[in-house]
Structure formats: structure tokens, C-alpha cells
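K.L.:
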Amino acid sequence: SCLIQRIFGVIGDFVDTHQTKIGSKIAKSLFVVMDSNKDGTLDEEELKAAFGVLGFTWLKDKQVGGFLQRADKDKNGVIDCEEFEGELTKTLRVNLVKLAKKNGEDMGFLV
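Okay, so the sequence shown: first residue is 59 according to my numbering, each after it adds one.
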């Protein structure tokens, strides 16, 4: 429907802000919140927990591991803020759309 297309457009516009100062600041803030042990990196457990809180409950170990592997440019088994920002855009775009579809179906908007 037209409404759904507009919602997906808004999600796309929001995700595209990553290239701006404010978008970078949001990503850094998200990283700090996700870094539950405050060691300056995210491991697989922190990613799993945070994606669950964001509502991305369909992301299982395999998908979270894939995110970590793609983002972990220096291959040290964890990701720092810069690595996180580099992978975040694609993951947010795909999963925010999925979340909107799921919530739309749950609320009866996408029957």
C-alpha cells in the first residue's frame, strides 16, 4: 500500500542519516549503550542482547555472528565503534523494514 511505501521511505531516510554528523553521533550513542561491560568493544553476546532489545528477535546466532564477522575488520573477535558504524547501516535498513512489516501484520495493517 501507499502508506507502507511511505513508511519504508522514512526508514530509508532515517538510515541514510548515518552519513551526517547527527547520524554518526546516534551510532556512537547506540554503541555506548550496547557496550554493556564498557570495554569499548562489542562481542557476540552484547550484539545478541542489543538486537533483541531493538526488537530484531529473528536475528539468531548465525546472523549475529555474520554481523560480527563482517564488521570485525581487524579480525580480533570483537568490534570497536568505527567497525560498528561501518556495518550498522545495512543491518538497520533490512531489520527496521522487517520490524515494520512484522508490527504492521501484528496490528492488522498488512492483511
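Where is the CB? At the ideal position from N, CA and C, for every residue including glycine.
Could you tell me the alpha carbon to alpha carbon distance between A129 and F142, rounded to whole angstroms?
P.N.:
The sequence position of residue 129 within the sequence shown is 71, counting from 1. The sequence position of residue 142 within the sequence shown is 84, counting from 1. Distance between the alpha carbons of A129 and F142 is about 6 Å.
K.L.:
Spell out the partners DSSP gives L100 in its beta bridges.
P.N.:
The residue labelled residue 100 in the question sits at position 42 within the sequence shown. Answer is I137.
K.L.:
Within the same chain, show all residues whose beta-carbon is closer than 8 Å to that of V91, passing over the 5 residues directly before and after it, in chain order.
P.N.:
For the purposes of this step, residue 91 is identified with residue 33 of the sequence shown, where counting begins at 1. Counting only Cβ-Cβ distances below 8 Å, and skipping sequence neighbours, we find A108.
K.L.:
Excluding sequence positions up to five away, which residues of its chain have a Cβ less than 7 Å from the Cβ of E102?
P.N.:
Here residue 102 is taken as the residue at index 44 of the sequence shown, counted from 1. Closer than 7 Å at Cβ, skipping near neighbours: V122, G123, L126.
K.L.:
For N153 versus F89, is the C-beta distance shorter than 7 Å?
P.N.:
In the sequence shown, the residue the question calls residue 153 occupies position 95. In the sequence shown, the residue the question calls residue 89 occupies position 31. It is not a contact, given that the beta carbons lie outside the stated cut-off.
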